[in-house]
Amino acid sequence: MCGIIGYINKAEKLSKTDLDIPMNTIKHRGPDAQDTYLNEENSLILGHLRLSIIDLSTSANQPFFSSDNRYVIIFNGEIYNFKEIKNDCKIETKTNGDTEIIIEAFAQHGTNSFTWLNGMFAFAIYDIQEQKITLCRDRFGIKPLFYYYDGQRFAFASEIKALKKIKGLDLKKNKDTFPSFLHLGYIPYPYTVYQHIYKFPQGAYLEIDLKHTLSATLEFNYFWKLKDQLSRHTFSEEQAVKSDLKNLLESAVDKQLISDVPIGTFLSGGIDSSLITVIASKLKDTKIKTFSVGYESNKYNESHFAETVAKAIGTDHYTMILKEDDILNIIENIISSYDEPYADSSAYPTMLVSKLAKKEVTVTLSGDGADELFMGYGMYNWAARLNNPFIKVASPFFYPLTQVGNNKFKRAGMLLNYPVKADNIKTHIFSQEQYYFSEKELDDLLVRKSNYNVFNNETIDCDRDLSSREKQSFWDISNYLIDDLLVKVDRASMLYSLESRVPFLDNHLVNYALNIDESLKHNSSINKYILKEVLYSYLPKKLFERPKWGFAVPISKWLKSNLYFLIEKYLSKETIEKHNIVHYWYTDNIIKRFMNGEEYLYVRIWVLLILHWWLEENE
974 MCGIIGYINK
984 AEKLSKTDLD
994 IPMNTIKHRG
1004 PDAQDTYLNE
1014 ENSLILGHLR
1024 LSIIDLSTSA
1034 NQPFFSSDNR
1044 YVIIFNGEIY
1054 NFKEIKNDCK
1064 IETKTNGDTE
1074 IIIEAFAQHG
1084 TNSFTWLNGM
1094 FAFAIYDIQE
1104 QKITLCRDRF
1114 GIKPLFYYYD
1124 GQRFAFASEI
1134 KALKKIKGLD
1144 LKKNKDTFPS
1154 FLHLGYIPYP
1164 YTVYQHIYKF
1174 PQGAYLEIDL
1184 KHTLSATLEF
1194 NYFWKLKDQL
1204 SRHTFSEEQA
1214 VKSDLKNLLE
1224 SAVDKQLISD
1234 VPIGTFLSGG
1244 IDSSLITVIA
1254 SKLKDTKIKT
1264 FSVGYESNKY
1274 NESHFAETVA
1284 KAIGTDHYTM
1294 ILKEDDILNI
1304 IENIISSYDE
1314 PYADSSAYPT
1324 MLVSKLAKKE
1334 VTVTLSGDGA
1344 DELFMGYGMY
1354 NWAARLNNPF
1364 IKVASPFFYP
1374 LTQVGNNKFK
1384 RAGMLLNYPV
1394 KADNIKTHIF
1404 SQEQYYFSEK
1414 ELDDLLVRKS
1424 NYNVFNNETI
1434 DCDRDLSSRE
1444 KQSFWDISNY
1454 LIDDLLVKVD
1464 RASMLYSLES
1474 RVPFLDNHLV
1484 NYALNIDESL
1494 KHNSSINKYI
1504 LKEVLYSYLP
1514 KKLFERPKWG
1524 FAVPISKWLK
1534 SNLYFLIEKY
1544 LSKETIEKHN
1554 IVHYWYTDNI
1564 IKRFMNGEEY
1574 LYVRIWVLLI
1584 LHWWLEENE
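Residue 974 is where the sequence shown starts when you use this note's numbering, and the numbers rise one by one after that.
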C-alpha cells in the first residue's frame, strides 16, 4: 500500500525536487520509504512512497525496474494472485512481492496482463525504450487515482492534495459540482471539485506516447466493465448458491490474508464484517485481532454486538467508545483528508477505529461491498415501490398528505416526490434514503440554476432484463460504493498508514454475486438472505436477530450541542452570502425546522455545513 505521483510537462525542464513538496503531502500513505525517477529527455518524473506490507526488504522499494531495465513502475495496492501469475508466466524474481510480478507480466504480455490482476491497484509503468507511460486502475476503484489534464500538462496522484502542490497547475474550483454534492453527499465520477482534475476510471488504462505532444483528449481503454459480468441466466438453486458462495468467500479471504505484517479485521457485529471475521479466524493459525467503535449514548452504541460476536468467534477484540470530545479532536480531518467536499459522517468513526487498529496491526479486512452486492439497504424496497405503475400515478396525490405527518412520514413523502425523468430515479432514491437534497429542493436552494444533472444514470445493456431492485443495486455498486464508501475507508485508514482490504470485491466473488437470482438476495422481505444463510453456517442465528444499524453517527444530537458552533460559523448569513451558492433564507428555514424537532433534516444541514466549511478552507 503506497502513494504514487507523476508529472509530465514538456514545456519545462523538470528536476527531482519538483515532487518533494507534493510527495510530503501524502507521506501518510507511505512512511517507510520514498524515491523518485526522472527522465529529463521526456520531462517525466515519477514519485513513490511505500507502506511495506509484502516483502519488507529494501529490494522491493519503488520506483521498481524490470529485469531488463526497460520498464519502471510505481504501484499502489495489492495483487492477491501474484504467485499464480508468477507461475503461469514462469517469472524469475529477485523479490517476494507483487510489484515485480506486475511489471514482468507487463513486459511479457503488455496491457493484456491487466485482466489477470485480482486485487486493488493503481499504477503507472513507463516504457523507457518506447517512451510511453501506461496508467491503470483496478476494477472497482478501490485504490484512488486522480489526474490533472489541461491539454498541455498531465499529472496524476493518489490524492488531490499532492496535485495541488505541483507548481504551475491551473486549479480553479468547479462550481458545477456543488449541486451534485448537495444531492449525493459526494462528487460523482469523473468530476472533482477542481477544473482539470478528474477521477481516473475504474477497470481502465491509459497510454500516453511521450514522443509526441499530448493530444487534445485522452482515450481510456477498459479491460473490465461491471455490466459485462451480467449473464443471461441467474443462479437460483439455494443450496448450490449457498455452497458456491461459501467457497468463494473463503477463497477471497484466504487470498487477502497474505501479509508480512500483522493483520486484523474491522468488526461492527453486523452480517458483513462478522462473516469476514469468522472466515479469517477459521483460516488463520493465530488468534485474529478485531476492532470496533461505540458511543456513550445507548441509542447509537452497538459495540456490545461486536463484543458478543468477537467472543463467539474467539478473537482478540479492541473497542473504542467515542465521546463528543473525540470527534472534536479530529473533526478538521474531514476537510484535509478528503480534499473535496465529503458529507458521509461515518468517516469520523472510521478514522478513529483505523487509529485504534494501527496500534496493533498494519492491515485490516472490512465488509464493504456486501450491502450493494446482496441488497442490504432499504432503498431496494423503494426501488420496487416507485416502479409500481399505481405508485407512479398516485404519488402526486399522496405527497401533500405526507407533509402533515411525523418525521418518518415526511421522509417517505420526499421519496414519493421524485423526478419525472425515469433515468434519474436511482439517484433520487439514493439521495432521499440518505436524507440529502432532492432535485426539486435544489431548484429552490440554489442561487443560480445550473445543470446539476451530471449523475451517472447510464442504461445497463445486458443479456437479461433487470428488475428495479437489481438496477438500483447496480447503480450503488457503480457509484455509491466507488465514490463514497471506498473513498471513506481509504482516506480514513491511510491517514494512519493502515491498509484496508475488501474481500467482498474479489473478482470471482463479484462476478458470481452479480448473477445470483434476486429471490435469494431479497427473500420474503429478508435483505441479504443468502449471505445471512452462509453466515449462520458459521455462527448462531440468534447473534444477529436485531435491526440493521449501519455505521450510525449521532450527528443530529451533536449538532444541537457541542457541534452547534459549526452551524454558527459556517452557515451564518455572512458566510453563505459571501460564497453565494445557496439562499440564506432557505438554509435558515431548514436550521429552524431542525431545531424545532424535524430531526431528519440534520443531514441537509450537515451537507451544507461541509460545503461551506470546505469553501472557507480553500479560498
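Note that CB positions come from ideal geometry on N, CA and C, so glycine has one too.
Residues sharing a beta bridge with residue i, DSSP
i, result
"N1060", "Its beta-bridge partners do not exist; DSSP assigns none."
"Y1171", "Y1120 and Y1164"
"E1051", "M1093"
"Y1010", "L1019"
"L1338", "T1238 and R1474"
"C1435", "Note: C1435 sits in no beta bridge, so no partner."
"F1151", "The partner list for F1151 (beta bridge, DSSP) is empty, contrary to what the question assumes."
"V1045", "F1038 and Y1099"
Backbone CA spacing between residue i and residue j [nearest angstrom]
i, j, result
"S1318", "F1264", "19 Å"
"P995", "Y1099", "20 Å"
"F1370", "K1228", "Residue placement at F1370 is flagged as unreliable, the pLDDT there being 49, under the threshold of 50; the coordinate-derived value follows with that caveat. Computed Cα separation, rounded: 54 Å."
"S1498", "K1514", "17 Å"
"E1550", "I1308", "21 Å"
"N1060", "E1333", "34 Å"
"I981", "G1349", "44 Å"
"Y1575", "K1198", "37 Å"
"L1295", "A1320", "13 Å"
"E1491", "F1079", "39 Å"
"C1435", "K1444", "11 Å"
"S1224", "N1488", "18 Å"
"T1281", "Y1537", "35 Å"
"T1009", "G1243", "43 Å"
"N1306", "K1501", "34 Å"
"L1191", "A1128", "13 Å"
"K1067", "I1052", "17 Å"
"D1479", "S1209", "21 Å"
"Q1125", "I1139", "14 Å"
Candidates the options: closest to residue i by CA position
i, options, result
"L1345", "L1581, F1447 and C1435", "This sequence places Glu at residue 1345; Leu is not what is there. Among L1581, F1447 and C1435, the Cα nearest to that of E1345 belongs to F1447."
"F1573", "N1591, Y1409, Y1509 and D1233", "With the sequence shown as reference, residue 1573 is identified as Tyr, and Phe is not the correct amino acid for it. Taking only the C-alpha atoms, the option nearest Y1573 is Y1409."
"T1072", "W1089, C1062 and F1096", "F1096"
"R1112", "I1308, D1436, L1090 and E1506", "L1090"
"I1554", "L1588, K1542 and S1030", "L1588"
"V1462", "I1106, W1197, Y1537 and V1326", "V1326"
"N1069", "I1027, L1179, A1006 and L1478", "I1027"
"L1022", "R1043, M974, G1083 and S1030", "M974"
"K1505", "I1489, E1406 and F1347", "F1347"
"N1085", "Y1195, D1123 and E1132", "Y1195"
"Q1168", "I1074, D1149, Q1175 and V1460", "D1149"
"A984", "E1547, S1204, E1013 and K1137", "E1013"
"S1404", "R1421, D1438, G1351 and Q1175", "G1351"
"Y1469", "L1118, L1419, P1004 and K1413", "P1004"
"T1165", "K1146, I1181, Y1178 and D1182", "K1146"
Whole-Å CB distance - residue i paired with residue j, under 8 Å assumed
i, j, result
"K1200", "I1433", "5 Å"
"V1507", "L1218", "5 Å"
"L1019", "V1045", "7 Å"
"Y1121", "F1173", "Not a contact, Cβ separation roughly 11 Å."
"P1161", "S1153", "6 Å"
"A1356", "S1441", "4 Å"
"I1564", "I1540", "6 Å"
"T1288", "S1254", "6 Å"
"L1454", "T1337", "Not a contact, Cβ separation roughly 18 Å."
"I1610", "E1132", "Given a span of 974 to 1592 for the chain in the structure shown, any question on residue 1610 remains unanswerable."
Residue i - DSSP class collapsed to helix/strand/coil
i, result
"A1225", "helix"
"V1420", "coil"
"Y1559", "helix"
"S1534", "coil"
"T1292", "strand"
"Y1408", "coil"
"L1516", "helix"
"I1578", "helix"
"I1195", "Just to set this straight, residue 1195 is Tyr in the shown sequence, not Ile. Note: Y1195 maps to strand in three-state DSSP."
"A1177", "strand"
"F1037", "strand"
"T1084", "helix"
"V1507", "helix"
"L1588", "helix"
"V1266", "strand"
"V1526", "coil"
"P995", "helix"
Any non-hydrogen atom of the ligand SAM within 6 Å of residue i CB
i, result
"N1354", "Judged by which ligands are present, the structure shown has none, so any question about the ligand SAM falls away."
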